[in-house]
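Down below is the structure, laid out as structure tokens.
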Amino acid sequence: MPRKRTLSVDINLAEDQVPSAAKNRILKGPYRWFFNRRKNQKSWKEASVPQKIRYLAVRGLWLILGAHIVFVLSTALILFVFKTINPPATTLMAYRKLVDHWNVRPIRYLPLQRIPRTYRSMIVRVEDGDFYQHHGILLPAIKNAWILNQQFGSPVYGGSTITMQTARTIFLIPFKSYLRKYLEVLIALEMEAILGKNRILELYCNYAEWGKGIFGIDTASRYYYKTSVTAIDRDQAARLITLLSSPIKYNPDTIYKNGILRSRYEYLTRIGQ
0 MPRKRTLSVD INLAEDQVPS AAKNRILKGP YRWFFNRRKN QKSWKEASVP QKIRYLAVRG
60 LWLILGAHIV FVLSTALILF VFKTINPPAT TLMAYRKLVD HWNVRPIRYL PLQRIPRTYR
120 SMIVRVEDGD FYQHHGILLP AIKNAWILNQ QFGSPVYGGS TITMQTARTI FLIPFKSYLR
180 KYLEVLIALE MEAILGKNRI LELYCNYAEW GKGIFGIDTA SRYYYKTSVT AIDRDQAARL
240 ITLLSSPIKY NPDTIYKNGI LRSRYEYLTR IGQ
């Protein structure tokens, strides 16, 4: 009997020591305050500053990675829908209506094959000459824009391709920032992989901004010239396409007031002949 009692005591002592040893092993780790926070509520306070910084950095990286995964997957799902279904509206259209309180005109959607080939070519030549060669982004253009923006001290130039312009028109709000540019790049790469060039160009022609509350080339043509884009002449088309770089401040009759727009118009009239 005494031996059993002694043995029982020895076993109990051994069992008491196991959790303690495990606990000590946890407490030696850099994240002991996190893994053992329920048993030791003061462990966060006891953690050193480098340990806290390391933990917050790891958690921050996981949060950023998770946000990226959610953003990319949700955007990809929407793009698969837009591969065959035209967007009923875009983020930019909603912003202009709800925030700027503009009267947004209904989209007059035209399939790409119904937009005159010459006008499509003019858009590509003036907005993104390498549209059919790149994969959504042009790194040299982005690099040059970065250098210019550093000189100006703010994101003025974007170096955006047609794909990137379509991405921000459909998905993003009109605030120039480096974060928006980064999101443009992500969406543009997805668009190239999912939609293809012709579908991207079709969406661009039908949802690009052409004035206050005016979206799409046919909507713009009917607003400015009272007829479909299929019926306007090349000079009218050149004026219309020139507006893409500054659709809010100017209209087809005032493009001469801006030197850059005037140069674009003259270039378009030459290649449209």
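Once you know that position 56 of the sequence shown is 55 in numbering that gives the first Met the number 0, the rest is easy, because the numbers rise by one and skip nothing. We put the beta carbon where it would ideally sit given N, CA and C, even for glycine.
**Q.** DSSP-derived helix/strand/coil call for residue 70
**A.** Correct three-state label for residue 70: helix.
Q: Please list the segments of the beta strand (DSSP E) lying wholly inside the segment 206 to 268, counting only runs of 3 or more residues, in order along the chain.
A: Assignment of beta strand (DSSP E) within the segment 206 to 268, counting only whole runs of 3 or more residues, yields 208 to 210 in chain order.
Q. Helix, strand or coil: how does DSSP classify residue 107 here?
A. In the three-state reduction of the DSSP assignment, residue 107 falls in the coil class, being assigned neither a helical nor a strand state.
Q) Whose C-beta lies closer than 6 angstroms to the C-beta of residue 48 among residues of the same chain, with five residues either side of it excluded? A) For residue 48, where only same-chain residues beyond five positions count, there are no Cβ hits under 6 angstroms.
Q. Can you tell which of 226, 235, 81 has the C-alpha that lies nearest to the C-alpha of residue 165?
A. Residue 81 is the option with its Cα nearest to residue 165.
Q.
Quick check: the Cα distance between residue 85 and residue 261, rounded to an integer number of angstroms?
A. If you take the alpha carbons of residue 85 and residue 261, they lie about 33 angstroms apart.
Q | Extent of the continuous alpha helix (DSSP H) run through residue 275 | A | The shown model of the chain, from 0 to 272, leaves out residue 275, and the question about it has no answer.
Q | Rounded Cβ spacing between residue 267 and residue 226 (contact assumed at less than 8 angstroms) | A | Taking 8 angstroms as the upper bound for CB-CB distance, residue 267 and residue 226 are not in contact here, some 19 angstroms apart.
Q. Among residues of its own chain, excluding the 5 on either side of residue 217, which ones have a beta-carbon nearer than 7 angstroms to its beta-carbon?
A. Around residue 217, the same chain offers 107, 109, 227, 228 as residues with beta carbons nearer than 7 angstroms, after the five sequence neighbours per side are excluded.
Q: Could you tell me how far apart the beta carbons of residue 219 and residue 168 are, in whole angstroms, since I believe they sit closer than 8 angstroms?
A: Between residue 168 and residue 219 the Cβ distance is about 14 angstroms, and since that is not below 8 angstroms, they are no contact.
Q.
Quick check: what's the CA-CA separation for residue 170 versus residue 89?
A. In a straight line, the C-alpha of residue 170 is about 7 angstroms away from that of residue 89.
Q.
If contacts are defined as beta-carbon pairs under 8 angstroms, then residue 200 and residue 119 qualify, I think. What distance do you get, rounded to the angstrom?
A. Correct: roughly 7 angstroms between the Cβ atoms.
Q: Starting from residue 97, follow the alpha helix (DSSP H) in both directions and report where the run begins and ends.
A: For residue 97, the enclosing alpha helix (DSSP H) begins and ends at 90 to 97.
Q: May I have the straight-line CA-CA distance separating residue 179 from residue 253, to the nearest angstrom?
A: Residue 179 and residue 253: Cα-Cα distance of roughly 30 angstroms.
Q. By Cβ distance, which residues of its chain are closer than 8 angstroms to residue 249, with the 5 residues on each side in sequence left out?
A. So the list reads 242, 256, 257, 260, once near-sequence residues are dropped.
Q. Just the Cα atoms here: how many angstroms apart are residue 265 and residue 186?
A. Going from the Cα of residue 265 to the Cα of residue 186 covers about 33 angstroms.
Q | Beta-carbon contacts of residue 247 that lie in its chain and below 8 angstroms, excluding the five residues immediately before and after | A | Excluding residues within five positions, the ones whose Cβ falls inside 8 angstroms are 208, 210, 211.
Q | Spatially closest choice to residue 74 from 134, 190, 65, by CA coordinates | A | Here the closest residue by C-alpha is 190.
Q: Measure how close the beta-carbons of residue 172 and residue 104 come, nearest whole angstrom, since I'm counting them as under 8 angstroms.
A: For a cut-off of 8 angstroms, the C-beta gap from residue 172 to residue 104 is around 20 angstroms, too long to register as a contact.
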